[in-house]
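Numbering (UniProt numbering), first residue to last: 1 to 981. Structure record follows, encoded as structure tokens.
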Amino acid sequence: MSTATAASQQAGRRAKDAPLRADIRRLGDLLGETLRRLGGERLFETEEQVRLLCKRLRAQYSLADERRLKRLIRSLDLDEAIGVIRAFSVYFQLVNIAEQYHRIRRKRYYERHTPDHPQRGSLADTFRRLSATGDDCAERRRARMQEVIDRLEIMPVMTAHPTEAARRTLLMKHRRVADLLAAFDRKDLTRREREQLREQLATEIEMIWQTDEVRQTQPTVLDEVGNGLYYFDTTLFDALPTLLEELERQLAEYFPGVRLRDGAAPIRFGSWIGGDRDGNPYVTPEVTWETLRRQQRLVLRKYLAAVAELSKRLSESARFAPPTEELRASLAKDARELPEAAEDINRRNPEEPYRQKLSYIYVRLENTLRRNRDLATALRIESPQTLISTRPGLPIIAALTKSKSNAASVYRTGDELWEDLRVLRDSLRANRAVHAAREVDRLMRQVAAFDLHLATLDLRQHSDRHTAALDEITRSLGITPSYAQMSEEERVAWLTDELSTPRPLISPDAHFSDETTETLNVFRVARRALDEISPRAIRTYIVSMTRNVSDLLAVLVLAKQAGLWQWESDGAEAPRLLTRLGVVPLFETIDDLRRAPTVMCRLFENQIYQRQIAAHARLQEVMIGYSDSSKDGGILTSSWELYKAQERLCEVARAHEIELRLFHGRGGSIGRGGGPTHEAILAQPPGTVAARIKITEQGEVISSKYGLPEIALRNLETTTAATIAASLPHEDIDEQRLAKWKEVMEQISEEAFAAYRRFVRETEGFYDYFAQATPIEELQHLRIGSRPAKRKAGSRSLDDLRAIPWVFGWTQSRHLVPGWLAVGTALEKFLRQSPRANLRLLREMYREWPFFHSTLSNIEMALAKADMRIARQYAARTPDKKLGRRIFHMLADEYERTRRMLLAITGEKQLLDNLPVLQRSIAVRNPYVDPLSYFQVELLARKRACETGDEAKCGDIDRDKLLYAILLTINGIAAGMRNTG
Numbered sequence: 001m002s003t004a005t006a007a008s009q010q011a012g013r014r015a016k017d018a019p020l021r022a023d024i025r026r027l028g029d030l031l032g033e034t035l036r037r038l039g040g041e042r043l044f045e046t047e048e049q050v051r052l053l054c055k056r057l058r059a060q061y062s063l064a065d066e067r068r069l070k071r072l073i074r075s076l077d078l079d080e081a082i083g084v085i086r087a088f089s090v091y092f093q094l095v096n097i098a099e100q101y102h103r104i105r106r107k108r109y110y111e112r113h114t115p116d117h118p119q120r121g122s123l124a125d126t127f128r129r130l131s132a133t134g135d136d137c138a139e140r141r142r143a144r145m146q147e148v149i150d151r152l153e154i155m156p157v158m159t160a161h162p163t164e165a166a167r168r169t170l171l172m173k174h175r176r177v178a179d180l181l182a183a184f185d186r187k188d189l190t191r192r193e194r195e196q197l198r199e200q201l202a203t204e205i206e207m208i209w210q211t212d213e214v215r216q217t218q219p220t221v222l223d224e225v226g227n228g229l230y231y232f233d234t235t236l237f238d239a240l241p242t243l244l245e246e247l248e249r250q251l252a253e254y255f256p257g258v259r260l261r262d263g264a265a266p267i268r269f270g271s272w273i274g275g276d277r278d279g280n281p282y283v284t285p286e287v288t289w290e291t292l293r294r295q296q297r298l299v300l301r302k303y304l305a306a307v308a309e310l311s312k313r314l315s316e317s318a319r320f321a322p323p324t325e326e327l328r329a330s331l332a333k334d335a336r337e338l339p340e341a342a343e344d345i346n347r348r349n350p351e352e353p354y355r356q357k358l359s360y361i362y363v364r365l366e367n368t369l370r371r372n373r374d375l376a377t378a379l380r381i382e383s384p385q386t387l388i389s390t391r392p393g394l395p396i397i398a399a400l401t402k403s404k405s406n407a408a409s410v411y412r413t414g415d416e417l418w419e420d421l422r423v424l425r426d427s428l429r430a431n432r433a434v435h436a437a438r439e440v441d442r443l444m445r446q447v448a449a450f451d452l453h454l455a456t457l458d459l460r461q462h463s464d465r466h467t468a469a470l471d472e473i474t475r476s477l478g479i480t481p482s483y484a485q486m487s488e489e490e491r492v493a494w495l496t497d498e499l500s501t502p503r504p505l506i507s508p509d510a511h512f513s514d515e516t517t518e519t520l521n522v523f524r525v526a527r528r529a530l531d532e533i534s535p536r537a538i539r540t541y542i543v544s545m546t547r548n549v550s551d552l553l554a555v556l557v558l559a560k561q562a563g564l565w566q567w568e569s570d571g572a573e574a575p576r577l578l579t580r581l582g583v584v585p586l587f588e589t590i591d592d593l594r595r596a597p598t599v600m601c602r603l604f605e606n607q608i609y610q611r612q613i614a615a616h617a618r619l620q621e622v623m624i625g626y627s628d629s630s631k632d633g634g635i636l637t638s639s640w641e642l643y644k645a646q647e648r649l650c651e652v653a654r655a656h657e658i659e660l661r662l663f664h665g666r667g668g669s670i671g672r673g674g675g676p677t678h679e680a681i682l683a684q685p686p687g688t689v690a691a692r693i694k695i696t697e698q699g700e701v702i703s704s705k706y707g708l709p710e711i712a713l714r715n716l717e718t719t720t721a722a723t724i725a726a727s728l729p730h731e732d733i734d735e736q737r738l739a740k741w742k743e744v745m746e747q748i749s750e751e752a753f754a755a756y757r758r759f760v761r762e763t764e765g766f767y768d769y770f771a772q773a774t775p776i777e778e779l780q781h782l783r784i785g786s787r788p789a790k791r792k793a794g795s796r797s798l799d800d801l802r803a804i805p806w807v808f809g810w811t812q813s814r815h816l817v818p819g820w821l822a823v824g825t826a827l828e829k830f831l832r833q834s835p836r837a838n839l840r841l842l843r844e845m846y847r848e849w850p851f852f853h854s855t856l857s858n859i860e861m862a863l864a865k866a867d868m869r870i871a872r873q874y875a876a877r878t879p880d881k882k883l884g885r886r887i888f889h890m891l892a893d894e895y896e897r898t899r900r901m902l903l904a905i906t907g908e909k910q911l912l913d914n915l916p917v918l919q920r921s922i923a924v925r926n927p928y929v930d931p932l933s934y935f936q937v938e939l940l941a942r943k944r945a946c947e948t949g950d951e952a953k954c955g956d957i958d959r960d961k962l963l964y965a966i967l968l969t970i971n972g973i974a975a976g977m978r979n980t981g
């Protein structure tokens, strides 16, 4: 690239970013005014001193400047330090809002000014490329596209893992700031209007400054449920039909004749919040029930609002838009079933059949909502943060009362509501009221997706809990050996026999320990939810740490005790299996991923499980875990083992004529399998997506991906576009070259795995360094989730630490080790074997293999966000100085090795040269993150001095205030890095 071309491109990028820079300037100026007015001139001057010193250190490192900065920070008392820390933290909140809004601005720019070159990753961009590729005739391309559209099933699954650092109170203020930034873009603003907008922005910033960003209490599971519902309420409910309208519009443009079938729901949502009980003792059966009830309450309220709005607008008269016979019959049926409402409806809306129908729909929805309120008292809800430890656990569930509502006066399924709306819409269409019909169609699409439950709640529990429950049950029944003592072959044989017989294993009034009672109650709640909430409320039960066939059959035996697995017979034919719960294995560690195809092959060959598969339309879901596999084997090996597992699982499924849906348990950060979703889907092994994908949306990224309506729409669109593209045949694959690339990847992965284990498992003091050089111990005080950070309280081992705090800790200390460790060693060893030839080969793989390109791109992003100069500050303040120096130098060498290897493969001069927008964003952010890191290092040193009894350094310091200051730095760095765990 010539110097002139590079300069031209840089000028173009600066022009694109000019509105963003203006927003940041405006927000920064208003924050400065707020600091002066509310914090005083000294606070503002101190903040400016710290900022300018850090900026100077970034421009050119100077030991003298760094010492000056440290002296300044040490000279501040805690109150002064807290003020400066908050200034930088609030600044990042505002910058993040500005960057998010700028994404919306750029999307609109593409749509207005470059219709022939749509935004990358959009449906228009994807369909334009797909319609122009391949040697097939247009008719064959359309047929293939129709097949994919007919099969399309995308399910983002919301989780609440303890990684969302921002409070919902602040998120709502952030949205108002974004709305005000949007208002500033209006070209016709008067001077007075601009002044008013500036005043409103100042008001929001003042409120943000005076709002405590650190939670004072630990959130309950139901608090987390409320946080999740916020996004459905504010963005997702309305974004979905808009996306489907765009999908149909682009299909009509590029694939004429291809369309969504009526009633299709290619995108539905799932949730783990209130259903994921693995490692979280606060997710009780009672909490799960209340979660489902609150989800239904929200979606019913959304439908009521939508129907009320339609009723205001659809004033069509029977004289000008006569109802079809079908609509007349439907109204007559409504009048019979709702006689109390009929008279008032007919009197209020005579000769307005469309309003009459909407009024009946409204009454039914109100009745259903009233019934939902009755369900609140159907289960006794104890405090969600305390375990139910009373013996009457089973009767609690058994005592759930049936609703007294007349079945005809409420909606029992979403299909009933959808059908009522269809009759209304078809009558409008018959009268050529196409625009009015389109408004009804929008609500129909929402009903098809959200049903009466809003989001399908996955249940999840560790396999050990099921083993313990069945062991207690078999002991109580005198079965020997008891379940825990059986071999795997004996377990499978016994479980198969139990599933083959209609009789229950235990009597309804049997009593067990609290833990076993709770395990059984989960299935009873699931049965009630399917009966009382929606048949789609719960579809799957996920088994964490699946290692054997028995881990899955055990769930079905427990489900059988709640009536979720039943044999039905009318005496004339062979018994028919009614099974209402899918069982999903979760393969998490490297070893588990390697064994997964064998486990599933044995499961599919089990005769009784074949009946389960047949009852579920021969569809099997399998979940693969990115977080734990990455913690277990490192990012490179984890990525490769996940790739291979998907290929082999699909082969096993095809061999047994079973449809496979892969559930990707991706983290939000790169160290837990995160990264751009669009690229990740396109990088999946060919043939494994097959128009079906389920993917977790972690708590740490939900606000950035779904907090603003336009951003939510963009994320859903890119996910949909990538899923469609990945599901079409890959005709340009050279199998011979791909086989060679896989061989190379296997070799590199083996070396990376060995090197990672040497670093993490075999290096003496590695975990101690992690504990001392990161704020891992302080994270537990941040109160960002209901789930404990460790599997075993008080444990100091890597095995018992969850993947989330593992990544969170390294991110806070700017190491970002999980995103790159062992990669450089593996690549360097491969290159040494034949430097020129192997470098050519790796460059070819990077250019032409989406998997390898995506993997290295994610590693490159982690390297770019890491900062070993700042990380050295954490290492220098470890209590064990010798340990700190030894481990840090080892990590710094590996970081540099990995950086060097990636630049050689990508051909870049600097990290992220190929992603200049992200490169600039990190460069701009670093001088503002650095102060928070220097403060955190100093405050951690003070806290640890107090803990070791060093009175000279500790003195009479307020320890609660000290911890509070540290938590503020954690929040600020999380906002600045745009990553937690």
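For glycine and all other residues, C-beta sits at the position ideal for the given N, C-alpha and C.
query: Can you find the residues in the same chain that come closer than 6 Å, C-beta to C-beta, to W820, ignoring five residues on each side of it along the sequence?; result: I859, A862, L863 and T898
query: Thinking just about the alpha-carbon of each residue, which of E199, A875, R86 and A596 is nearest to the one in V937?; result: A875
query: Exposed or buried, what is C137 when buried is set at 16 or more other beta-carbons lying within 10 Å of its beta-carbon?; result: exposed
query: State buried or exposed for E717, treating a residue as buried only when at least 16 other CB atoms are found within 10 Å of its CB.; result: buried
query: In three-state DSSP terms, what is A803?; result: helix
query: Can you have a look at E764 and say buried or exposed, based on whether 16 or more other CB atoms are within 10 angstroms of its CB?; result: exposed
query: Would you check if the distance between the CB atom of D458 and the CB atom of T540 is smaller than 9 Å?; result: yes
query: In chain order, what residues of the same chain lie with their CB nearer than 7 Å to the CB of N971, ignoring the 5 residues before and after it?; result: S89, A165, E213 and V214
query: Kindly indicate the opening and closing residues of the beta strand (DSSP E) around P579.; result: Note that residue 579 is Thr in the sequence shown, not Pro. Its beta strand (DSSP E) spans residues R576 to T579.
query: Applying the criterion that 16 or more other CB atoms from any shown protein chain within 10 Å of the CB defines a buried residue, is V549 buried or exposed?; result: buried
query: Three-state secondary structure (DSSP) at H664?; result: strand
query: For E111, does the count of other Cβ atoms within 10 angstroms reach 16, so buried, or fall short, so exposed?; result: exposed
query: In angstroms with no decimal places, state the Cα-to-Cα distance between K70 and S933.; result: 11 Å
query: Can you tell me where the beta strand (DSSP E) with P115 in it begins and where it stops?; result: Unbroken run through P115: none, as it is neither H nor E.
query: How big is the Cα-Cα spacing for R192 and Y230?; result: 34 Å
query: Are the beta-carbon atoms belonging to H466 and V410 less than 9 Å from one another?; result: no
query: Report the three-state DSSP secondary structure of residue 986 (helix, strand or coil).; result: Outside the shown range of the chain (1 to 981) lies residue 986, about which nothing can therefore be said.
query: From Y303 to Q295, what distance separates their C-alpha atoms?; result: 13 Å
query: So the candidates are V652, F127, I506 and V584; which of them puts its Cα closest to the Cα of Q461?; result: V584
query: Between the alpha carbons of A754 and D768, how many angstroms are there, rounded?; result: 21 Å
query: Drop a sphere of 10 angstroms on the beta-carbon of I733, count the other beta-carbons inside from all chains shown, and report buried for 16 or more, exposed for fewer.; result: exposed
query: Classify E139: buried if its beta carbon has 16 or more other beta carbons within 10 angstroms, exposed otherwise.; result: exposed
query: Report the three-state DSSP secondary structure of M486 (helix, strand or coil).; result: coil
query: By the DSSP assignment, the alpha helix (DSSP H) with W567 in it spans what residues?; result: Per DSSP, W567 belongs to no alpha helix (DSSP H); it is in the beta strand (DSSP E), W565 to E568.
query: Using 8 Å as the Cβ pair cut-off and three pairs as the minimum, do the segment 701-709 and the segment 117-125 touch?; result: no
query: Assign S317 to buried or exposed, taking buried as 16 or more other Cβ atoms, counted over all protein chains shown, within 10 Å of its Cβ.; result: exposed
query: Could you tell me whether the segment 620-627 touches the segment 654-671, using the rule of 3 or more Cβ pairs below 8 Å?; result: yes
query: Between which two residues does the alpha helix (DSSP H) harbouring R602 extend?; result: I590 to E605
query: Quick one: give me the first and last residue of the beta strand (DSSP E) that T203 is part of.; result: Looking at the DSSP string, T203 is not in any beta strand (DSSP E); the run it does join, the alpha helix (DSSP H), is R191 to W209.
query: DSSP three-state call for residue 989: helix, strand or coil?; result: Lying outside 1 to 981, the shown extent of the chain, residue 989 is not represented and no answer is given.
query: Is it buried or exposed for D958, if we count other Cβ within 10 angstroms and need 16 for buried?; result: exposed
query: Give me the Cα-Cα distance between T720 and Q812, rounded to the nearest whole angstrom.; result: 33 Å
query: Which first and last residues belong to the alpha helix (DSSP H) in which Y282 is found?; result: Note, Y282: premise wrong, no alpha helix (DSSP H); not H, not E.
query: Is D334 helix, strand or coil when you go by DSSP?; result: helix
query: For the structure I just gave you, are there three or more beta carbon pairs, one from the segment 422-433 and one from the segment 312-327, closer than 8 Å?; result: yes
query: Return the CA-CA distance between A871 and E66, expressed in angstroms with no decimal places.; result: 14 Å
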